[in-house]
Each structure stands twice: as C-alpha cells, then as structure tokens.
Amino acid sequence: MELARRLGVSQTAVSAALRGRERQLRLDGALAGRIRRAAARLGYRPNLLARSLLRRRTDTLGVVVSDFSDPTFGILLNHLESAAHAAQQELLVSGSGGSLAESAAMWERLLRRRVDGVLWIDRPAHLGLARLIRLWRGTSVPVVGIGTAFRAAGVPAVVFDSEDAVRQILAAMPRGGRSPYVFLQEFPSAEFSRWRLDSLRRALENGSLFSRGAKPVRCVAMKVAAGVEAERLTRLRASGEPLRLVGDQDFTALRALVALESAGWRAGRDFVLGSFDGLPWLRNLGSSLLSVEQPLEEMARRAIAMALSPPAARRVEMLRGRL
Numbered sequence: 006m007e008l009a010r011r012l013g014v015s016q017t018a019v020s021a022a023l024r025g026r027e028r029q030l031r032l033d034g035a036l037a038g039r040i041r042r043a044a045a046r047l048g049y050r051p052n053l054l055a056r057s058l059l060r061r062r063t064d065t066l067g068v069v070v071s072d073f074s075d076p077t078f079g080i081l082l083n084h085l086e087s088a089a090h091a092a093q094q095e096l097l098v099s100g101s102g103g104s105l106a107e108s109a110a111m112w113e114r115l116l117r118r119r120v121d122g123v124l125w126i127d128r129p130a131h132l133g134l135a136r137l138i139r140l141w142r143g144t145s146v147p148v149v150g151i152g153t154a155f156r157a158a159g160v161p162a163v164v165f166d167s168e169d170a171v172r173q174i175l176a177a178m179p180r181g182g183r184s185p186y187v188f189l190q191e192f193p194s195a196e197f198s199r200w201r202l203d204s205l206r207r208a209l210e211n212g213s214l215f216s217r218g219a220k221p222v223r224c225v226a227m228k229v230a231a232g233v234e235a236e237r238l239t240r241l242r243a244s245g246e247p248l249r250l251v252g253d254q255d256f257t258a259l260r261a262l263v264a265l266e267s268a269g270w271r272a273g274r275d276f277v278l279g280s281f282d283g284l285p286w287l288r289n290l291g292s293s294l295l296s297v298e299q300p301l302e303e304m305a306r307r308a309i310a311m312a313l314s315p316p317a318a319r320r321v322e323m324l325r326g327r328l
C-alpha cells in the first residue's frame, strides 16, 4: 500500500507490475516500468504472506520424492522447477519418509503450509498406495502422481508408457532364433520393474512384432540384485545367436553391460541389451544399449499444469518415450 500511495497509483497496478503481469491486466508498459524502478530504489519487497491471505492462494506446490538418490528423479526435479517458474509457482520439496506414519506427518506439514497442490513422485512399495490415497482424500488440495505406481490408482497422474517403450525396444532387437528374451530385475518387488516385465510378456505373447506362424518366444525373468553373472546367461544363449536382454532400469542394464564385456562378450555379436529411462550420461554408449528415454521435461510440464487445472481437467496421461 505504501508504494502505491507514494506513486499515486492503485494497489492492483503495483501488484501487476511487480509480478510481470502488466499485459494480462492491460497496464501501461511505461507505468509498469516506473513502478518497478521505484520499488527497486526503495528496496521494496512484496509481502507474499499478505498477498496469499488476500488471494487465498500461496502460488506454492508441494513436491514429494520417494528416493532422492534416484538420478531420474533428480532430472525430473530440475524440469519441475523450470515448469513451476514458467507458471509463476514456487516448489516446496520433501521426502516421503520410510513409513506411512512419516508420509502422513509430511502430508500434514504440506497442508499447514497451505500449498495449492502436491506432486507425488512415485513411492516406496512398502508404504502401500491405497493407504496413501486415503490420506489425500477428504481435502480440497489436488494431488498429481508422477510415475508407474499411479497408472491405475484412480488419481490424476502423469505416467511413462512402459508398454510402448517395450515395443520400441523389441522392434530394435533381432527377431526369431531360439534364444529367449531375458528380463534382468535388480528390483523385482518394485512397481516399475513388475510392470515393465508384464509389458514385455504381453508384447511377446501378442506376437504382432513377429512373423505369422512364428513359434512363441520365451521370456525369462532373472533376479540380478547380487550382480549379473555371465555364466548363468551363457546357459540361456543358443549357439551363434545374440542373447536378447532387457534391464528393468538403466543402471541394471549398465551393470549387465560391464559384467558381460568383462567376461569377453561383445555387444551386437553376443548380446543385445535394452532398457528404460534414457539417462543422459549413458548416450555415449551408442548402440551398446538401447535405452528408451523418458519424456521427463514433458512429464514435468504436464504435471504442473494438471495440478493448477480445474478438477474436471485432471486425469491420467500416458506419455511415450523415445529410443
């Protein structure tokens, strides 16, 4: 109010100029510039708390991350920050905790902060998604899920399309032969790993990628939590054929690549290896790893937009990756 009084303009004009919204509110550009220069000269900073009380909005979105050590989530957080900045929103980032009680306490803290919405990036399997959803319901705060766990949870979500990613990987691999497809699982109990394995099995059973009359193709799931053993894979490989491997995530595939090459296997000749996530630092591996890149930037943009949208516009969006 003090700045508006000094300049002899309305509080609305000051607010529009300081928020860079003069075009939307049809404020004269020269006047907006004069307001900003005066604010800088006087060291004026808007009272965001007072503005929030007046507008009943905080322009803040909560972000809950299940695992800060996951590099995919780190990249996604960067894109969420950019998308939030473009939408003139602030992010309040928190971990989900290792138990339902910790998640419930964190959820209450976000509600007390009066966030306008929450973006929940996947979740540890042991928390139980149904119990988490019960926490969210009963409030007016919109929650948008990001990740495989939310594909059929009955809440608005942005999900990477693993079914399509599997089809892309299979289309890039040699067809026919007697060797099975081997799905390497470092995290067999994780939702994303189970869904990707199911997607691979469905694609192989469907047979649309293979010639008519071809024999059914086997799919073998192999747990590799203790490391990839070349000897176990040798027993599955038919003579003269490359073994077709799919990792449940990029780091699983990378460990397989290192183990096999250390054992004298050659990519292309002895094995072909596919995976998901498309982490940027794996691109220099070239054709040694067929990794479908998750559209993380687009996922972030759509998640922010969905959280700020009316309830009728919120839904589950499946986004395709790129090999």
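Just add 5 to wherever you are in the sequence shown, counting from 1, and you've got our numbering. Just so you know, even glycine gets a beta-carbon here, dropped at the ideal spot from N, CA and C.
Under 8 Å, do Ser280 and Leu301 count as touching if we go by C-beta distance?
no
Looking only at its own chain, which residues have a Cβ that is under 8 Å from the Cβ of Ala9, when we skip the five neighbours before and after it?
Ser15, Gln16, Ala18, Val19
Uninterrupted alpha helix (DSSP H) stretches inside the segment 156-189 (no shorter than 4 residues):
167-176
For Ser99, name the three-state secondary structure that DSSP assigns.
strand
For Ser296, list the residues DSSP reports as bridge partners.
Ser280
C-alpha distance - Ala312 paired with Pro147, whole-angstrom precision:
6 Å
Hey, Gly152 and Val160: beta-carbon distance below 8 Å or not?
no
Pro247: buried (16+ other C-beta within 10 angstroms of its C-beta) or exposed?
buried
Please return the same chain residues whose Cβ sits closer than 6 Å to the Cβ of Arg369, not counting the five positions on each side in sequence.
Outside the displayed span of the chain (6 to 328) sits residue 369, for which this structure offers no information.
Ends of the alpha helix (DSSP H) at Leu301?
301-312
Using alpha carbons as the reference points, say which of Leu66, Leu115, His84 lies closest to Gln94.
Leu66
Please state whether the Cβ-Cβ distance between Phe277 and Leu328 is less than 8 Å.
According to the sequence displayed, residue 277 carries Val and not Phe. Contact: no.
Pick from Asn83, Ala45, Ala272, Ala88: whose alpha carbon is nearest that of Arg306?
Ala88
Rounding to the nearest angstrom, what Cα-Cα distance links Ala177 and Arg320 in this structure?
32 Å
For Ala135, count neighbouring Cβ atoms within 10 angstroms of its own Cβ and tell me buried if that reaches 16, exposed if not.
exposed
Near Leu32, what residues of its chain come up, given a Cβ to Cβ distance below 6 Å and the 5 sequence neighbours on each side ignored?
Ala18, Ala21
Which of helix, strand or coil does DSSP assign to Val19?
helix
Looking at C-alpha atoms only, which residue of Val69, Pro315, Arg206, Val164 is the closest neighbour of Leu324?
Val164
Pick helix, strand or coil for Val146, following the three-state DSSP scheme.
coil
Report, in whole angstroms, the separation of the C-beta atoms of Gln190 and Lys228, which I expect to be a contact under 8 Å.
5 Å
Could you check where the beta strand (DSSP E) with Arg249 kicks off and where it finishes?
248-252
For the beta strand (DSSP E) holding Gly13, just list the boundary residues, first then last.
No beta strand (DSSP E) contains Gly13, which DSSP labels as neither H nor E.
Residues that Ile40 bridges to, as DSSP identifies them:
Paired residues: none, contrary to the question.
For a quick check, are the C-beta atoms of Ala261 and Gly252 less than 8 Å apart?
yes
Are there 16 or more other CB atoms within 10 angstroms of the CB of Arg197, so buried, or fewer, so exposed?
Residue 197 is actually Phe in this sequence, not Arg. Per the 10 Å Cβ criterion, buried.
Could you tell me which of Val69, Arg240, Ala243, Gln299 sits nearest to Asp127, measuring between CA atoms?
Val69
Considering only C-alpha positions, which residue in the set Glu322, Met304, Arg274 is nearest to Gly245?
Arg274
Start and end of the alpha helix (DSSP H) containing Trp112?
105-117
Start-to-end residues for the beta strand (DSSP E) that takes in Val70
65-70
Reduced DSSP secondary structure (H/G/I, E/B, other) of Ala88
helix
Rounded C-alpha distance that separates Gly143 from Leu116
12 Å
Find the nearest neighbour of Gly100 within the set Gly79, Arg28, Leu241, Ile309, judged by alpha-carbon distance.
Gly79
Figure out for me which residue from Ala318, Gly283, Arg237, Leu202 has the closest Cα to the Cα of Leu259.
Gly283
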